[in-house]
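Each residue of the sequence shown is one higher than the last, beginning at 627 in the working numbering.
Remarks on the structure that follows.
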Amino acid sequence: MAAPNIDTVVSLAKRRGFVFPSSEVYGGLGSAWDYGPLGVELCNNVKQAWWRWLVYERDDIEGIDSSIILNRLVWKYSGHEATFNDWLIDCRKCKGRFRADKIADNKCPSCGASDWTEARPFNTMLQTKLGAVADDDPTALAYLRPETAQGIFINFLNVQTTMRRKLPFGIAQVGKSFRNEVTPGNFILRTREFEQMEMEYFVSPTAEHSKLVDYWVEQYLEWFGSLGLNRENLYLYEVPQEELAHYSKRTVDIMYRYFPEREKPWEELMGIAWRTDFDLGTHSKNKLDAEGKRLNPDSTEDLSYFDEAAKQRFYPHVIEPAAGVNRTVLAVLMDAYSEKTNDKGETRVILKLSPQLAPIKAAILPLAKNKPEIVGMAKAIKRSLQPVLRAVYDDTGGIGKLYARQDEIGTPFCITVDHQSLEDEAVTVRDRDTWEQERIKVSDLAEHLQKRLKPYPVPAPETT
Ligand code: GAP
627 MAAPNIDTVV SLAKRRGFVF PSSEVYGGLG SAWDYGPLGV ELCNNVKQAW WRWLVYERDD
687 IEGIDSSIIL NRLVWKYSGH EATFNDWLID CRKCKGRFRA DKIADNKCPS CGASDWTEAR
747 PFNTMLQTKL GAVADDDPTA LAYLRPETAQ GIFINFLNVQ TTMRRKLPFG IAQVGKSFRN
807 EVTPGNFILR TREFEQMEME YFVSPTAEHS KLVDYWVEQY LEWFGSLGLN RENLYLYEVP
867 QEELAHYSKR TVDIMYRYFP EREKPWEELM GIAWRTDFDL GTHSKNKLDA EGKRLNPDST
927 EDLSYFDEAA KQRFYPHVIE PAAGVNRTVL AVLMDAYSEK TNDKGETRVI LKLSPQLAPI
987 KAAILPLAKN KPEIVGMAKA IKRSLQPVLR AVYDDTGGIG KLYARQDEIG TPFCITVDHQ
1047 SLEDEAVTVR DRDTWEQERI KVSDLAEHLQ KRLKPYPVPA PETT
């Protein structure tokens, strides 16, 4: 079972400290969200799982962390200044403003009228000004990056030469991106500030690019499986030619069933694009157009690659898997949501998060909080586990309530310390999903938990 709709997750997320509406003390800020104590752990665990999977477990990928604000020329030559547009239309009746491509049946979603203005482009890059300059000084204009990818392209040679890389190899980056979305919404699905996990995989111009797109689609399906996503809630969308971004020859989107209650339940979770040699070429000083003119008279570098074996210089092609942290977190929360009835007939929420993603791995609960020996032992166990896994101590309720609270936030194990523990140096370990309990010696506890906390198995990556 997964969450029946996004609203179920929104209320759980707020109630239990995963995600709060931002700036609430001033009436909020549309579609901006703050991650609370559990949300920040979940996001970090998603990012760490991704980084481990690509940068540590594979041998062909390096990581970087580039600036959010780049030279404005990056966005001129990447094509974003000219083409990173949404098409806007206004309803003449209610004055509502919408994205033209999101209007179904030509009807205004607010008032139902069909009286529209002409569609006009609106550039969705968020602008800022650098330095202490006059408001209208055009030389100070800069953008908050709308994708992390460009920071990777402009560092291609730096990484390739310092790390002595040969093709094929990839560069991964995770970080914030910004888009002045016309119609943000649906909780953390579409916001103006969000986080991306992008990887640019550089290959020869003669590689089998379309097959590589398929390869990365398969790899990501497996990775999402390792995060606990049910394959039935994922769907592949081959983006039609007329919808492709200006740099792409082929893109496959992995969609998630974010709207199970709707007739059209799918929305993009990530995209895998063959970006050709567009980006490295466009930022290079030596790339010529069909008439032999320099494409980029502003660049001081040439981002081409010399292939020693073939004795050839060329601009590598790129396969780009681009995923969103927030959309992954939302999908993970929706998929993990389940309900179970206890023997008193009460419905309990259980968040069946993959153990590697769970914000808290173990909660240590004393059965009698007025017994100093039991409390002392429970606190000592918490401290001894902390170096190897995220553990918390909680004595703020009866045991039934404490179990229910931990189930609802996805904690895989509750550990209870009782009177007998003082005698036999053992504790009860309760499993979140089955509610089964077993008695474990305190001396074996860390090892026992670590074994059971292993992520769902991800098959070893095949080499390309
Ligand atoms: N570099 C390619 C690129 O940025 P994209 O499809 O525009 O491609 C990649 O973005 C991913 O970033 C999306 O699949 C989604 O997960 C995430 N994303 C994009 N816009 C977003 C937004 N406004 N809010 C939340 N996530 C977003």
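Quick reminder that beta carbons are idealized off the backbone N, C-alpha and C, glycines included.
Contact with chain D by residue i, beta-carbon distance below 9 angstroms
i, result
"alanine 935", "The chain labelled as chain D is not found in the depicted structure, where only one protein chain is given."
Buried or exposed (CB count within 10 angstroms, at least 16 for buried), residue i
i, result
"asparagine 671", "buried"
"phenylalanine 932", "exposed"
"arginine 901", "buried"
"valine 958", "buried"
"proline 872", "Note that residue 872 corresponds to histidine in the displayed sequence, not to proline. Classification of histidine 872: exposed, given that the 10 Å Cβ count is below 16."
"glycine 897", "buried"
"histidine 706", "buried"
"asparagine 859", "buried"
"alanine 758", "exposed"
"leucine 983", "buried"
"cysteine 737", "exposed"
"methionine 789", "exposed"
"arginine 746", "exposed"
"leucine 767", "exposed"
"aspartate 1033", "buried"
"histidine 943", "buried"
"arginine 805", "buried"
"isoleucine 632", "buried"
"isoleucine 695", "exposed"
Nearest-angstrom beta carbon gap, residue j and residue i [assumed within contact, 8 angstroms]
i, j, result
"valine 829", "isoleucine 945", "7 angstroms"
"asparagine 922", "tyrosine 703", "5 angstroms"
"serine 930", "arginine 939", "5 angstroms"
"serine 803", "phenylalanine 820", "6 angstroms"
"isoleucine 1041", "isoleucine 1007", "7 angstroms"
"alanine 639", "glycine 656", "So it is not a contact: roughly 17 angstroms between Cβ atoms."
"leucine 1015", "alanine 988", "6 angstroms"
"alanine 948", "alanine 775", "7 angstroms"
"leucine 906", "isoleucine 880", "Actually they are not in contact, since the Cβ atoms of leucine 906 and isoleucine 880 sit about 25 angstroms apart, beyond 8 angstroms."
"isoleucine 814", "leucine 956", "5 angstroms"
"serine 692", "glycine 777", "3 angstroms"
"isoleucine 715", "threonine 743", "6 angstroms"
"methionine 627", "glutamate 965", "7 angstroms"
Backbone CA spacing between residue i and residue j [nearest angstrom]
i, j, result
"proline 831", "leucine 1071", "53 angstroms"
"aspartate 903", "glutamate 826", "11 angstroms"
"tyrosine 769", "histidine 1074", "50 angstroms"
"arginine 1065", "valine 1053", "6 angstroms"
"threonine 1060", "alanine 935", "57 angstroms"
"lysine 978", "proline 1013", "24 angstroms"
"lysine 995", "proline 630", "38 angstroms"
"arginine 888", "aspartate 915", "47 angstroms"
"threonine 817", "asparagine 952", "9 angstroms"
"methionine 751", "leucine 1079", "41 angstroms"
"arginine 876", "serine 836", "7 angstroms"
"valine 878", "glutamate 868", "14 angstroms"
"cysteine 717", "asparagine 749", "20 angstroms"
"phenylalanine 1039", "valine 1018", "11 angstroms"
"proline 647", "glycine 654", "7 angstroms"
"alanine 1030", "alanine 1004", "19 angstroms"
"glycine 1023", "glutamate 894", "41 angstroms"
"valine 1055", "glycine 1026", "14 angstroms"
Ligand 1 heavy atom lying under 8 angstroms from the CB of residue i
i, result
"asparagine 711", "no"
"proline 866", "no"
"proline 735", "no"
"methionine 960", "no"
"glycine 851", "no"
"threonine 817", "yes"
"serine 648", "no"
"isoleucine 814", "yes"
"aspartate 879", "yes"
"phenylalanine 820", "yes"
"serine 803", "yes"
Limits of the unbroken alpha helix (DSSP H) element including residue i
i, result
"aspartate 716", "No alpha helix (DSSP H) contains aspartate 716, which is instead part of the beta strand (DSSP E) from 711-716."
"glutamine 674", "663-677"
"methionine 751", "Looking at the DSSP string, methionine 751 is not in any alpha helix (DSSP H), and its letter there is neither H nor E."
"aspartate 905", "904-908"
"glycine 854", "Here glycine 854 belongs to no alpha helix (DSSP H), and DSSP marks it neither H nor E."
"glycine 1002", "998-1011"
"arginine 791", "Note, arginine 791: premise wrong, no alpha helix (DSSP H); not H, not E."
"arginine 920", "Segment: none, arginine 920 is in no alpha helix (DSSP H) and carries neither H nor E."
"arginine 642", "Run containing arginine 642: none; DSSP gives neither H nor E here."
"valine 829", "Unbroken run through valine 829 is the beta strand (DSSP E), 819-829; no alpha helix (DSSP H)."
Boundaries (first-last residue) of the beta strand (DSSP E) holding residue i
i, result
"glutamate 927", "Taken as a continuous stretch (DSSP letters only), glutamate 927 belongs to no beta strand (DSSP E), as it is neither H nor E."
"valine 1053", "1052-1057"
"tyrosine 769", "767-770"
"valine 975", "973-977"
"alanine 948", "943-950"
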